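Worksheet: one structure, shown below.
2 protein chains.
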Amino acid sequence: MAKIRSFSYVLCHLVLVLVNVYIFRKMYYYDNEKLSWSQTAAQEAEKIASISCSGHGRAYIDGYVNVDGNPICECYSCYGGIDCSLFSSNCSVNVESGDPLFLEPFWMQNAASSAVVVAGWHRMSYVFPNNQFFISKELEKNIRKIHAIAKNAITHGKYIIFGTGSTQLLHAAVHALSMDNNYSTVVANKIPYYSLYKLQTEYFQTRHYEFGGDSSVLKNNSDFAGNVIEFVTSPNNPDGKLESPVLNGPNVKHIYDHAYYWSHYTAIPAPADEDLMIFSMSKLTGHAGSRFGWAIVKDVNVYTRMMEFISLAEMGTSKEVQLRALTLLKAVAQGDGKQLFNFAQHVLTYRWEKLSHIFSLTKRFNLQTIPTQYCTFFERTRKPSPAYAWVKCKRKEDKNCQEVFRVAKIIVRSSRKFYAGDRYVRFSLLTGQHDFDMLIHRLKELVSQEYEASAQAMSSF
Amino acid sequence: MAKIRSFSYVLCHLVLVLVNVYIFRKMYYYDNEKLSWSQTAAQEAEKIASISCSGHGRAYIDGYVNVDGNPICECYSCYGGIDCSLFSSNCSVNVESGDPLFLEPFWMQNAASSAVVVAGWHRMSYVFPNNQFFISKELEKNIRKIHAIAKNAITHGKYIIFGTGSTQLLHAAVHALSMDNNYSTVVANKIPYYSLYKLQTEYFQTRHYEFGGDSSVLKNNSDFAGNVIEFVTSPNNPDGKLESPVLNGPNVKHIYDHAYYWSHYTAIPAPADEDLMIFSMSKLTGHAGSRFGWAIVKDVNVYTRMMEFISLAEMGTSKEVQLRALTLLKAVAQGDGKQLFNFAQHVLTYRWEKLSHIFSLTKRFNLQTIPTQYCTFFERTRKPSPAYAWVKCKRKEDKNCQEVFRVAKIIVRSSRKFYAGDRYVRFSLLTGQHDFDMLIHRLKELVSQEYEASAQAMSSF
Chain Y
1 MAKIRSFSYV LCHLVLVLVN VYIFRKMYYY DNEKLSWSQT AAQEAEKIAS
51 ISCSGHGRAY IDGYVNVDGN PICECYSCYG GIDCSLFSSN CSVNVESGDP
101 LFLEPFWMQN AASSAVVVAG WHRMSYVFPN NQFFISKELE KNIRKIHAIA
151 KNAITHGKYI IFGTGSTQLL HAAVHALSMD NNYSTVVANK IPYYSLYKLQ
201 TEYFQTRHYE FGGDSSVLKN NSDFAGNVIE FVTSPNNPDG KLESPVLNGP
251 NVKHIYDHAY YWSHYTAIPA PADEDLMIFS MSKLTGHAGS RFGWAIVKDV
301 NVYTRMMEFI SLAEMGTSKE VQLRALTLLK AVAQGDGKQL FNFAQHVLTY
351 RWEKLSHIFS LTKRFNLQTI PTQYCTFFER TRKPSPAYAW VKCKRKEDKN
401 CQEVFRVAKI IVRSSRKFYA GDRYVRFSLL TGQHDFDMLI HRLKELVSQE
451 YEASAQAMSS F
Chain E
1 MAKIRSFSYV LCHLVLVLVN VYIFRKMYYY DNEKLSWSQT AAQEAEKIAS
51 ISCSGHGRAY IDGYVNVDGN PICECYSCYG GIDCSLFSSN CSVNVESGDP
101 LFLEPFWMQN AASSAVVVAG WHRMSYVFPN NQFFISKELE KNIRKIHAIA
151 KNAITHGKYI IFGTGSTQLL HAAVHALSMD NNYSTVVANK IPYYSLYKLQ
201 TEYFQTRHYE FGGDSSVLKN NSDFAGNVIE FVTSPNNPDG KLESPVLNGP
251 NVKHIYDHAY YWSHYTAIPA PADEDLMIFS MSKLTGHAGS RFGWAIVKDV
301 NVYTRMMEFI SLAEMGTSKE VQLRALTLLK AVAQGDGKQL FNFAQHVLTY
351 RWEKLSHIFS LTKRFNLQTI PTQYCTFFER TRKPSPAYAW VKCKRKEDKN
401 CQEVFRVAKI IVRSSRKFYA GDRYVRFSLL TGQHDFDMLI HRLKELVSQE
451 YEASAQAMSS F
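Protein sequence lines correspond, in order, to chains Y and E.
For the first sequence, full-length UniProt numbering gives the first residue as 1, with consecutive numbering after it.
For the second sequence, full-length UniProt numbering gives the first residue as 1, with consecutive numbering after it.
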């Protein structure tokens, strides 16, 4: 009996010792993972990210705080209340801006690879070392890599310049190209065109250039012999069409705004290989708020002048933004590098099909047509997936198309903002899923009104 | 005997169980601290931050990587080799730029409160919600708080605008102030002045203004009746003097460049209360690379125009930068809010004393004089602690002062860059400790040459 008891003690002991060894190993493993200075910030970030806001909003570490100092929920449109649980069924859906929030879920799915931890002493200097000045060479390398993966631009033998969004680079490019000549006329490729080209050129009112509208004005003026800078937006904002220059000749220079030239939004027939091309993080990864863009430039003089512009305008681009862009681009390039592109194209194709179906049921409106085209990135013919819907109000009385949609509780951008009268509107298809669902809901209501009206008209016969 | 054995088993058991309970508690505690998506990024950041580079350099998460994909050391000037252990005794020390690296150790000491963790989906939108557009209201609130702590500016009843460095805001301010009038002449307060005012105004060549030199030109021209925008840089860059406007009258508007109006660099006689004041994070926290500044503006029209400028130039300021600025300013405001100010003033006062002592030993050079003055922040009369030394070469033959220092292996900024001829140079006192030590070493060598030369001259008699 004593032997059995003794044996059971020993056994018990042994088990306990083994359990302890296991626990110690685990603790040691934990210890390896344990953090020092970044622990609190990381915990705080995760804590705030985990606030659910009823699935209808989001809390941010730099958001408004309540009396306890905790960030409060920022609700999606049509939702309210302290936890965004209150739905306002009567509200308007806003699809006016080009906010690329459709990519938010991708980054939530890739949270670990896209997180950035910035030390308090990170890159305090104005410049990167070794004569790199304002440009992170690692980021430049990764931008070239992404273009090689995306098959949308040839960067070999070209310079890369960073800017605070493509917005700044458009301005820098006009400035750099106009410096050779006494005077240049800046034109947009075709109507409809992105309003910034006009607004920016006119606002800064330099002595070197002025805005001349769309290029047809000069095309039809055979007497014009001045210097021209033509913006070629391809795919075009708003209508998504692939465009080429209208004007050519020794006095014409082109700025290719390729913000949307990613397989998210268009077939890529071939990599772009122009002398001055501008891209933005906003439409590649969806980080519009970061304000990061880059220009790919062939000519060394244009490159030098654009760098000078960036330097005198603001002494280079923020180091925090460059670090985040680097992290995000590395995450994009992971594995076969196709994950983001597949995700984006999948979401936008689905949305376009959904929208096309609704517009096929109405005679009141017309949706732009986009051809199915062979895409060298996907190595197949692909369906359309544009960033925006460009919709015409066909009824004679619907002169102000934006107003028609406003009444239907859909806030859109009028074609007036694209210098194309009032007959068209632009819907963004880049919104968060919630806003897209609301858009579809409101559109169905609008289209069903047409049926109800015709049913009423029929019944009155 | 059996009883004793049995008792010892039970005791042993009990101890083991207690140890286990302790360990389990500790594990549970660890579990609470355990991170999910931010863990890898935080570990990576800490790992890279811990690379020592022999104490003569630093590794960054966005730095060049070696063949194994690990970031390599970026060495301080005069150091080289893979771990920055090789000292080049013959090299020049560079104190030319205004890089505020003297504040780096402060952020290393405050690593936990200054760390920032950015989620992949953080602030992807162009705008903050609730009509805040491009401005983080939390950051704005904290900027007002810092000025209240620093007692250097009155923000009450004024608007705040963010920019990509004060650099962008200087440009935006000139633009906004010139829009009222047909034409404005932009002048700098006094010679010597910061070159950017001239370079920027001339580079952008708008139809609304041109650069007119320093204000004495207009002061002495009694016939001049045009509109004037005067930059008042106080404390002045390069010489650190507190300045007030030279020109006054109904046609004169002022832009107060208060980048250095912090108790780091000057006594604060009273909080500044001007209509248009510009500050920068670069000279407050030392984060020049972030490119973040703000303007404090009284007039709503000037505010609106400056906001329009920022919007058309680049659609607002990066969200990453705003988040980092918020974190850093919160860290500054911790406790009694005086920690950073004490640190900065302490370092710079020490440096100024060290430099003053060396220059007191030479007749060849002259250091600017800065009065001891009562400071409302420190609530006492304080010694000088300017950002820069402004040094005159007194010998007739030392016409090119920069060259004298270049030969002595000290790279400085010539007074030519401040439109003040070649007789003066600017040394930065804002460098990292290593560069400051090197500067003192080289200066001692230079001054000792003077003694050797006079000794030789004496011995030749």
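Just so it is clear, CB atoms sit at the ideal spot from N, CA and C, and this is done for glycine as well.
Being a predicted model, the structure only gives us computed values, none of them experimental.
In the structure shown, E:M277 adopts extended strand secondary structure according to DSSP, grouped into three states.
Non-local beta-carbon contacts of E:T362 in its own chain, meaning distances under 6 Å to residues more than five positions away in sequence, involve V447 and E450 in chain order. Rounded to the nearest angstrom, the Cβ distance from Y:I278 to Y:D257 is 5 Å, consistent with a contact under 8 Å. Here E:K47 is exposed: its Cβ has fewer than 16 other Cβ atoms, across all protein chains shown, within 10 Å. For E:M108, the chain Y residues whose C-beta falls within less than 8 Å of its own C-beta are G120 and W121, listed in chain order. Contacts with chain Y at 8 Å (Cβ-Cβ) do not include E:F436. Where Y:Q373 is concerned, the enclosing beta strand (DSSP E) starts and stops at Q373 to C375. In the three-state scheme derived from DSSP, where H, G and I count as helix and E and B as strand, Y:V93 is classed as strand. E:Y209 is bridged by DSSP to E:S184. When beta bridges are read from the DSSP output, E:P129 appears opposite no residue. In the DSSP secondary-structure assignment, E:C393 is bridged to E:F365. Spanning the alpha carbons of Y:S89 and Y:L439 requires a straight line of approximately 13 Å.
The DSSP-derived three-state label of E:N342 is helix. Unbroken beta strand (DSSP E) runs of no fewer than 3 residues, entirely contained in the UniProt domain "Alliinase EGF-like" (36 to 91) of chain E, are not found.
DSSP, reduced to helix, strand and coil, places Y:S311 within a helical segment of the structure shown.
Spatial neighbours of E:Y419 in its own chain (CB-CB distance under 6 Å, excluding positions within 5 residues in sequence) are listed in chain order as I191. In the displayed model, E:E403 falls within a helix according to three-state DSSP.
For E:I146, the uninterrupted alpha helix (DSSP H) segment begins and ends at K137 to A150.
Between the C-alpha atoms of E:P386 and Y:F128 there is a straight-line separation of about 26 Å.
Taking all protein chains in view, the Cβ of E:N189 is crowded by 16 or more other Cβ atoms within 10 Å, so the residue is classified as buried. Contact of E:Q322 with chain Y by beta-carbon distance below 8 Å involves D62.
At a C-beta separation below 8 Å, Y:F162 has no neighbours in chain E, since its nearest C-beta there lies roughly 11 Å away. Shown here, E:S222 sits in coil according to DSSP, grouped into three states, outside any helix or strand.
Residue burial is scored here from C-beta neighbours: E:D99 has at least 16 other C-beta atoms within 10 angstroms and is therefore classed as buried. Under the Cβ criterion (8 Å, minimum of three pairs), the segment 201 to 215 of chain E does not count as touching the segment 356 to 374 of chain E. Around the beta-carbon of Y:E230, 16 or more other beta-carbon atoms lie within 10 Å, marking it buried. According to the DSSP assignment, E:W107 belongs to the alpha helix (DSSP H) that extends over E104 to Q109. Residue range G165 to S178 is occupied by the alpha helix (DSSP H) that includes E:T167. Taking C-beta separations shorter than 6 Å and ignoring five residues to either side along the sequence, the partners of Y:C91 in its chain run C78, following chain order. If you check the CB distance, Y:M306 and Y:A173 come in under 8 Å. The residue from E:D435, E:S52, E:E96 and E:H147 with its alpha-carbon nearest to that of E:L284 is E:H147. Around the beta carbon of E:G293, a 10 Å sphere encloses 16 or more other beta carbons of the protein chains shown; the residue is thus reported as buried.
Counting the other CB atoms within 10 Å of its CB gives E:L86 a total below 16, which places it among the exposed residues.
Chain-order list of chain E residues neighbouring Y:L429: empty, with the shortest C-beta distance near 16 Å, by a criterion of under 7 Å. The C-alpha of E:E243 is placed about 51 Å away from the C-alpha of Y:L103. Contact annotation: in the segment 196 to 210 of chain E, residues whose CB is within less than 7 Å of a CB in chain Y are L199, Q200, Y203, F204, Q205, T206, R207 and H208.
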